[in-house]
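Engineer: Under this note's numbering, the first residue of the sequence shown carries the number 1, and numbering increases by one thereafter. For glycine and all other residues, C-beta sits at the position ideal for the given N, C-alpha and C. Note that the structure is a prediction, hence the values are computed from the model and not measured. Right, I'll just put the structure down here and ask away after.
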Amino acid sequence: MDSENGAESSALTEGSLHPVHRLFKWTKWSPLGWLRMLAEKTDWSFIFAVLAAYGLSQGLGGSIWRVASDYYWKDVQLVQPASAQVYQGITSIPWIIKPIWGMATDVVSMAGYRRRPYFILAGLIGLISMLTLSLHSKLPILLAILAMLGGSAGTAISDVTVDACVAENSIAHPLLVSDFQGLCMLSLSIGRLIGYSISGLLVHAIGSQGALGILSIPSVIVFSVGLMLKESPSASCNLNQIYQKFLDANRTMWRTMKSPEVWRPSSYVYLSLALSLNIQEGMFYWYTDSNKGLSFSEGFIGAIFAIGSVGSLLGVILYQTSLKDYPFRDLLFWTQLLISLSGMLDLVLVLRLNLKLAVPDYVLAVIDEVVFQMVNRLKLMALLVLCTKLCPLGIEGTFFALLMSIENIGMLTSSWIGGLLLHVLRVTRTEFGNLWVAVLVRSLIRLLPLVFLHLVPGTGSEHGAAGRSVEMVDKSCNSQVCNKDSSSVEMAFPVDSFCSNTSNLDLILENQGIEDEIEVEDSETVSLILNG
Numbered sequence: 001m002d003s004e005n006g007a008e009s010s011a012l013t014e015g016s017l018h019p020v021h022r023l024f025k026w027t028k029w030s031p032l033g034w035l036r037m038l039a040e041k042t043d044w045s046f047i048f049a050v051l052a053a054y055g056l057s058q059g060l061g062g063s064i065w066r067v068a069s070d071y072y073w074k075d076v077q078l079v080q081p082a083s084a085q086v087y088q089g090i091t092s093i094p095w096i097i098k099p100i101w102g103m104a105t106d107v108v109s110m111a112g113y114r115r116r117p118y119f120i121l122a123g124l125i126g127l128i129s130m131l132t133l134s135l136h137s138k139l140p141i142l143l144a145i146l147a148m149l150g151g152s153a154g155t156a157i158s159d160v161t162v163d164a165c166v167a168e169n170s171i172a173h174p175l176l177v178s179d180f181q182g183l184c185m186l187s188l189s190i191g192r193l194i195g196y197s198i199s200g201l202l203v204h205a206i207g208s209q210g211a212l213g214i215l216s217i218p219s220v221i222v223f224s225v226g227l228m229l230k231e232s233p234s235a236s237c238n239l240n241q242i243y244q245k246f247l248d249a250n251r252t253m254w255r256t257m258k259s260p261e262v263w264r265p266s267s268y269v270y271l272s273l274a275l276s277l278n279i280q281e282g283m284f285y286w287y288t289d290s291n292k293g294l295s296f297s298e299g300f301i302g303a304i305f306a307i308g309s310v311g312s313l314l315g316v317i318l319y320q321t322s323l324k325d326y327p328f329r330d331l332l333f334w335t336q337l338l339i340s341l342s343g344m345l346d347l348v349l350v351l352r353l354n355l356k357l358a359v360p361d362y363v364l365a366v367i368d369e370v371v372f373q374m375v376n377r378l379k380l381m382a383l384l385v386l387c388t389k390l391c392p393l394g395i396e397g398t399f400f401a402l403l404m405s406i407e408n409i410g411m412l413t414s415s416w417i418g419g420l421l422l423h424v425l426r427v428t429r430t431e432f433g434n435l436w437v438a439v440l441v442r443s444l445i446r447l448l449p450l451v452f453l454h455l456v457p458g459t460g461s462e463h464g465a466a467g468r469s470v471e472m473v474d475k476s477c478n479s480q481v482c483n484k485d486s487s488s489v490e491m492a493f494p495v496d497s498f499c500s501n502t503s504n505l506d507l508i509l510e511n512q513g514i515e516d517e518i519e520v521e522d523s524e525t526v527s528l529i530l531n532g
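Written out as structure tokens, the structure reads:
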């Protein structure tokens with residue numbers, strides 16, 4: 001009876017709450033409450049920077065860019081698929097030189113700041129580039145490539161800068177590391193889903209140049225981040241100090257790369273991506289051709305990519321829930337094999353075998369994109385975790401950016417080889433007779449990385465990580481660079497080097513001891529988001 005009275009009085013109390021109080025109580029247990037908690041622990045300007053760089057610039061802007069740029073080369077510049085493939089590869093060069101951006105943001109300060117000026121620079125470059133592409137109807141190809149390089153550079157610079165901000169806050173709040181990464185990935189995923197959903201509609205409504213002009217809005221927001229970000233001024237370095245810091249970082253990275261346990265997996269990362277040939281432009285031209293192709297509309301092209309991004313998200317969930325403890329070698333074997341087999345769906349579509357099975361073109365195209373994105377995400381997640389295990393303490397941020405550059409070089413190679421394949425087989429804007437041969441060759445070549453799997457360690461992503469990390473600490477601390485001035489090697493993680501600051505190493509070991517507490521906090525955070 002007392003319990004019933006207590007429940008009733010609790011219900012009355014809940015019902016008598018002012019609507020504003022009920023709203024406040026709801027936000028405490030919702031995604032908004034999660035964001036508010038992170039803002040209280042850090043600063044709202046940091047949360048805004050993550051949402052702007054990941055959600056708007058990379059997520060929303062990147063997805064619109066992918067669709068609009070394809071139509072730009074096809075309908076505005078009127079280039080062949082092989083040429084478009086090469087041009088798209090060139091625009092990825094700013095991502096290849098990410099370590100340079102990373103070192104610049106860490107050692108080259110402007111007006112006493114190391115983050116804010118780079119957000120401003122990224123926003124300005126992106127704004128000018130996108131307006132140039134959208135306002136000039138007869139832009140020469142060379143200038144169009146330069147403008148797209150500028151847009152890509154703006155996104156890459158903002159990405160590196162926000163990663164440095166995340167690294168700073170991760171060191172200051174070690175228990176919130178997973179929350180910071182979750183915020184980044186959640187923003188990116190939502191931005192991509194929204195961007196792909198509206199990209200085709202934008203191209204249909206205002207054309208590819210108009211859609212590219214819309215991308216000036218994320219650039220303006222990134223620019224505003226540079227004006228509002230809370231950052232303490234730091235001492236400026238003279239040219240000799242800057243040169244010495246670059247030199248020390250390069251020496252440390254070169255010494256690390258010469259280690260067999262680093263260069264062997266790094267070689268596999270490059271080969272596995274370079275040999276996964278990309279003939280996307282050939283397929284895109286065939287998808288959208290009204291005479292000999294499938295005549296897909298702009299809206300449906302965007303829908304294919306949007307649904308494909310859901311497949312990518314499923315890949316992340318599958319990896320985190322079931323596959324993250326699998327040995328690298330086994331996981332990479334099966335994902336590479338499945339990537340090759342998934343390419344055969346393109347072959348079925350190009351040869352129109354699906355019609356004999358009463359499967360509509362649009363259904364198979366969507367299934368193809370979802371399957372490929374899911375399997376490819378599993379592979380990239382495994383490679384990403386593998387790369388994190390190769391980073392030496394003290395320059396982990398810059399070295400990780402170097403490994404990501406190796407990934408991007410591999411993707412650039414696959415894009416250019418794919419363009420060469422389309423050119424050799426004479427797949428043009430209006431001729432697709434040999435497209436099925438290109439698809440078959442691509443799928444078979446994707447099996448070649450299996451030959452190089454012996455370069456990858458056989459242990460799982462969680463096995464032996466602590467021991468190898470400590471070994472890297474010892475090697476790094478015994479290096480000549482660390483024996484000089486450890487504070488000069490603070491790339492991407494703007495704190496004193498782990499070599500001379502033993503409290504940082506103690507912090508790592510302490511964090512290993514409170515792993516259970518982190519897992520509890522992570523599960524509570526996930527429940528908080530889902531229940532909201």
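1) Look at the alpha carbon of Asn291 and the alpha carbon of Lys138, and state the distance between them as a whole number of angstroms.
2) Can you tell me where the alpha helix (DSSP H) with Met130 in it begins and where it stops?
3) Any idea which residues DSSP pairs Tyr113 with across the strands?
4) Considering only residues of the same chain and omitting the five flanking positions on each side of Val371, which have a CB-CB separation below 6 Å?
5) Helix, strand or coil for Glu431 per DSSP?
6) For my contact list, Leu60 and Ile194 are in at a C-beta cut-off of 8 Å; report their separation, rounded to the angstrom.
7) Give the range of the alpha helix (DSSP H) segment to which Ala211 is assigned.
8) Does Asp325 pass the burial test, meaning 16 or more other C-beta atoms within 10 Å, or should it be called exposed?
9) What are the boundary residues of the alpha helix (DSSP H) that Thr161 is part of?
10) Gln58 and Gly154 - do their beta-carbons sit closer together than 8 Å?
11) Closest by CA to Ala365, which one among Gly410, Asp179 and Ala303?
12) How would you write the range of the alpha helix (DSSP H) that Val366 sits in, first residue to last?
13) Can you tell which of Arg446, Gly419 and Leu450 has its C-alpha closest to the C-alpha of Leu435?
14) Residues in the same chain with beta-carbon distance under 6 Å from Asp361, minus the five sequence neighbours each way, listed in chain order, please.
15) Please list, in chain order, all residues of the same chain as Tyr72 whose beta carbon is under 6 Å from its beta carbon, the five residues on each side excluded.
16) Please report the distance separating the alpha-carbon of Val269 from that of Ser189.
17) So Tyr54 and Cys184 are in contact, right, with Cβ under 8 Å, and what is the actual spacing, rounded?
18) For Gly151, which of Val160, Leu142, Ile406 and Leu131 has the nearest alpha-carbon?
19) What whole-angstrom Cβ distance do Gln77 and Ala144 have, given they're in contact under 8 Å?
20) Taking C-alpha atoms, which residue in Val439, Ser134, Leu35 and Leu121 lies nearest to Val160?
21) What would DSSP say about Gln320, mapped onto helix, strand or coil?
22) Cutting at 6 Å between CB atoms, please list the residues of its own chain near Ala82, excluding the five before and the five after it.
23) Apply the 10 Å Cβ neighbour rule to Ala534 and answer buried if 16 or more other Cβ atoms are within range, or exposed otherwise.
24) What does the alpha-carbon distance come out to for the pair Val162 and Val220?
25) Measure the Cβ-Cβ separation of Leu390 and Pro265 and say whether it is below 8 Å.
26) Buried or exposed: which applies to Val456, given that a residue is buried once 16 or more other Cβ atoms fall within 10 Å of its Cβ?
27) Whole angstroms is fine: what's the gap from Met344's alpha carbon to Leu277's?
Structural biologist: Concretely, from the data shown:
1) On the sequence shown, residue 291 is found 291 positions in, with the first residue counted as 1. On the sequence shown, residue 138 is found 138 positions in, with the first residue counted as 1. About 26 Å.
2) The count along the sequence shown starts at 1 and reaches residue 130 at position 130. Met130 -> alpha helix (DSSP H) spans Arg116 to Leu135.
3) Reading the sequence shown from its first residue, position 113 is the one you call residue 113. Beta-bridge pairing links Tyr113 to Met110.
4) Numbered from 1 along the sequence shown, position 371 holds the residue referred to as residue 371. Excluding residues within five positions, the ones whose Cβ falls inside 6 Å are Ser342.
5) In the sequence shown, the residue the question calls residue 431 occupies position 431. Glu431: coil per DSSP, three-state reduction.
6) Indexing the sequence shown from 1 puts residue 60 at position 60. Indexing the sequence shown from 1 puts residue 194 at position 194. At roughly 6 Å, the Cβ-Cβ gap stays under 8 Å, so Leu60 and Ile194 are in contact.
7) For this step, residue 211 is matched to residue 211 along the sequence shown. Looking at the DSSP string, the run of the alpha helix (DSSP H) that includes Ala211 is Val177 to Ile214.
8) The residue given as residue 325 occupies position 325 in the sequence shown. With fewer than 16 Cβ atoms within 10 Å of its Cβ, Asp325 is classed as exposed.
9) Counting from 1 along the sequence shown, the entry for residue 161 is found at position 161. Ile141 to Ala172 is the extent of the alpha helix (DSSP H) around Thr161.
10) The sequence position of residue 154 within the sequence shown is 154, counting from 1. The sequence position of residue 58 within the sequence shown is 58, counting from 1. Not closer than 8 Å, so no.
11) Counted from its first residue, the sequence shown places residue 365 at position 365. Ranking Gly410, Asp179 and Ala303 by Cα distance to Ala365 puts Ala303 first.
12) To locate residue 366, count along the sequence shown from 1; it is residue 366. Looking at the DSSP string, the run of the alpha helix (DSSP H) that includes Val366 is Asp361 to Lys389.
13) Position 435 of the sequence shown, counted from the start, is the residue given in the question as residue 435. Out of Arg446, Gly419 and Leu450, Gly419 has the C-alpha closest to the C-alpha of Leu435.
14) Stepping through the sequence shown from its first residue, residue 361 is reached at position 361. Around Asp361: Leu294.
15) By 1-based counting over the sequence shown, the position of residue 72 is 72. Hits under 6 Å: Ser208.
16) In the sequence shown, counting from the first residue as 1, residue 269 sits at position 269. In the sequence shown, counting from the first residue as 1, residue 189 sits at position 189. Between Val269 and Ser189, the C-alpha separation is close to 24 Å.
17) Translated into positions along the sequence shown, residue 54 becomes position 54. Translated into positions along the sequence shown, residue 184 becomes position 184. Sure, about 5 Å apart at Cβ, within 8 Å.
18) Translated into positions along the sequence shown, residue 151 becomes position 151. Cα-wise, what sits closest to Gly151 is Leu131.
19) Within the sequence shown, residue 77 is the residue found at index 77, counting from 1. Within the sequence shown, residue 144 is the residue found at index 144, counting from 1. Yes, Gln77 and Ala144 are in contact; Cβ-Cβ is about 6 Å, under 8 Å.
20) For this step, residue 160 is matched to residue 160 along the sequence shown. Of Val439, Ser134, Leu35 and Leu121, the residue nearest in Cα terms is Leu121.
21) As a working note, residue 320 is residue 320 in the sequence shown. Here Gln320 sits in helix by DSSP.
22) For the purposes of this step, residue 82 is taken as the residue at position 82 of the sequence shown. Same-chain partners within the cutoff: Gly419, Leu422 and His423.
23) Outside the shown range of the chain (1 to 532) lies residue 534, about which nothing can therefore be said.
24) By one-based count along the sequence shown, residue 162 stands at place 162. By one-based count along the sequence shown, residue 220 stands at place 220. About 16 Å.
25) As a position in the sequence shown, residue 390 is number 390, starting the count at 1. As a position in the sequence shown, residue 265 is number 265, starting the count at 1. Against a cut-off of 8 Å, the Cβ pair of Pro265 and Leu390 comes out as a contact.
26) Position 456 of the sequence shown, counting from 1, holds the residue named residue 456. Buried, since its Cβ has 16 or more Cβ neighbours within 10 Å.
27) By one-based count along the sequence shown, residue 344 stands at place 344. By one-based count along the sequence shown, residue 277 stands at place 277. The alpha-carbon atoms of Met344 and Leu277 are separated by roughly 13 Å.
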